[in-house]
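Residue numbers (the working numbering): 491 to 768. All C-beta atoms in this analysis are idealised placements derived from N, C-alpha and C, irrespective of residue type, glycine included. Model, not experiment: these values are computed from the prediction. Okay, structure first, notes after.
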Amino acid sequence: MAFYDRSDCLNPSPHIDAYGNKSGIFIIKNAIPEKLIEKIEAGLNALPKEIEPYTEGLMSWYTNKMAPGVDGTIDLWETISEIIGPEWVIHPANNYLTVRPGDNGMFIHTDSPGKDQCHLLSQTDVWSTCCIIDYGVCVYFGEYEGGAIFYPQINPDGSIKDKNNSGGACFEYKPEKGDIVVHSAFDPYGHGVREVTSGTRYVFSNFSLKAIDNPGTFYNYGTPEYFKQVGNKSSDNLKFWMDPLKENPQFSPDKIKEYQASGLEGEDLAKTFFNDMK
Ligand SMILES: [Fe+2]
491 MAFYDRSDCL NPSPHIDAYG NKSGIFIIKN AIPEKLIEKI EAGLNALPKE IEPYTEGLMS
551 WYTNKMAPGV DGTIDLWETI SEIIGPEWVI HPANNYLTVR PGDNGMFIHT DSPGKDQCHL
611 LSQTDVWSTC CIIDYGVCVY FGEYEGGAIF YPQINPDGSI KDKNNSGGAC FEYKPEKGDI
671 VVHSAFDPYG HGVREVTSGT RYVFSNFSLK AIDNPGTFYN YGTPEYFKQV GNKSSDNLKF
731 WMDPLKENPQ FSPDKIKEYQ ASGLEGEDLA KTFFNDMK
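Rendered as structure tokens:
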């Protein structure tokens with residue numbers, strides 16, 4: 491059964507995307523077992539307040555907001571994979587995007603520029619999936635106020651705004667810990683995060699593609715290769731899990747250094763370096 495056919499999957503903004511997939515915004519509440527939430531939050535709360543800089547990114551906004559994976563992260567990843575699969579999978583991920591008061595929430599973005607639109611990327615894509623994904627998939631942790639996810643092009647009732655009249659109130663949702671929010675990776679489901687007014691908002695942010703579209707950069711959850719790779723889930727095994735099985739030539743370590751050295755970000759970076767990318 492697809493995740494969106496579950497009886498506990500809300501679909502406040504139903505939509506069929508340009509690729510024919512059932513899409514829009516989905517919310518599954520209380521999706522993560524309480525014990526696992528407690529374990530992950532204990533790990534997150536024990537981290538130093540100053541986050542180690544994330545050095546592989548191409549957008550400075552992320553540099554001090556990527557908290558590392560903690561005990562239980564692989565169990566969380568498996569729990570999400572069970573819910574989203576088997577038709578869809580998520581790629582390995584081992585950090586928590588961290589937003590605090592004063593960060594001004596998060597800028598508005600879509601999760602993918604569109605399929606076959608790698609010339610428009612503005613962030614690293616080591617799994618070669620950004621232009622294959624169908625959905626963004628997020629799970630929330632932490633005690634915080636503010637921090638709602640908002641969709642400027644979607645009306646409060648879930649309908650899509652008229653392009654010529656896209657101002658005014660929009661759909662927004664304040665996630666509670668353990669919620670899974672799945673949304674379309676594409677326009678018009680661009681989204682941002684409202685200012686966090688107190689506390690810390692952690693999100694385990696993933697991107698989902700069809701299992702059959704996996705470009706061979708990771709083993710799909712549930713396959714014998716996956717179970718062999720993660721084994722007893724030791725930190726050594728998880729390092730292999732986080733290592734793509736093949737390199738994305740657009741984002742080799744040398745290329746990333748070259749992009750970073752240019753000082754360009756976003757559209758300017760894409761226009762300068764990615765014009766020939768498919
Ligand atoms: Fe996003």
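{"Asked": "In chain order, each beta strand (DSSP E) run of at least 3 residues that lies wholly inside the stretch 573-636", "Found": "578-580, 585-589, 596-599, 625-631, 634-636"}
{"Asked": "Closest residue to residue 624 among 604, 614, 641 (Cα-Cα distance)", "Found": "604"}
{"Asked": "Pick from 510, 592, 607, 525 that is closest to residue 765, judged by C-alpha positions", "Found": "607"}
{"Asked": "Whole-angstrom C-beta distance between residue 688 and residue 627, which should lie under 8 Å", "Found": "Contact doesn't hold; Cβ gap of about 26 Å is too wide."}
{"Asked": "Cα-Cα separation, residue 649 to residue 674", "Found": "14 Å"}
{"Asked": "Selected residue, minimal CA-CA separation from residue 600, among 589, 612, 592", "Found": "612"}
{"Asked": "Which of helix, strand or coil DSSP assigns to residue 715", "Found": "helix"}
{"Asked": "Any non-hydrogen atom of ligand 1 within 8 Å of residue 628 CB", "Found": "yes"}
{"Asked": "Ligand 1 heavy atom lying under 8 Å from the CB of residue 681", "Found": "yes"}
{"Asked": "Secondary structure of residue 540, DSSP reduced to three states", "Found": "coil"}
{"Asked": "heavy atom of ligand 1 below 8 Å from residue 599 C-beta", "Found": "yes"}
{"Asked": "Three-state secondary structure assigned by DSSP to residue 743", "Found": "helix"}
{"Asked": "Endpoints, alpha helix (DSSP H) assigned at residue 500", "Found": "Not the alpha helix (DSSP H): residue 500 falls in the beta strand (DSSP E), residues 499-506."}
{"Asked": "Contacts around residue 701, its chain only, beta-carbon distance under 8 Å, and the 5 residues preceding and following it disregarded", "Found": "575, 576, 577, 578, 579, 710"}
{"Asked": "Between the CA atoms of residue 720 and residue 563 - distance to the nearest angstrom", "Found": "12 Å"}
{"Asked": "Contact test: residue 688 Cβ vs ligand 1 heavy atom, cutoff 8 Å", "Found": "no"}
{"Asked": "Nearest-angstrom Cβ-Cβ length linking residue 555 and residue 589, presumed shorter than 8 Å", "Found": "7 Å"}
{"Asked": "Cβ-based burial, residue 670 [other Cβ within 10 Å; buried from 16]", "Found": "buried"}
{"Asked": "Simplified DSSP state of residue 532, which is helix, strand or coil", "Found": "helix"}
{"Asked": "Counted within 10 angstroms of its Cβ, other Cβ atoms place residue 615 as buried (16 or more) or exposed", "Found": "buried"}
{"Asked": "Residue from 738, 636, 634, 661 with nearest C-alpha to residue 643", "Found": "661"}
{"Asked": "Backbone secondary structure at residue 509 - three-state DSSP", "Found": "coil"}
{"Asked": "Test item: CB-CB of residue 638 and residue 646 under 9 Å", "Found": "no"}
{"Asked": "6 Å CB neighbourhood of residue 513 in its chain, flanking five on each side removed", "Found": "505, 507, 674"}
{"Asked": "Continuous alpha helix (DSSP H) stretch holding residue 725: start and end", "Found": "725-731"}
{"Asked": "Residue 567 vs residue 696 beta-carbon contact at 9 Å", "Found": "yes"}
{"Asked": "Heavy atom of ligand 1 within 8 Å of residue 503 beta-carbon", "Found": "no"}
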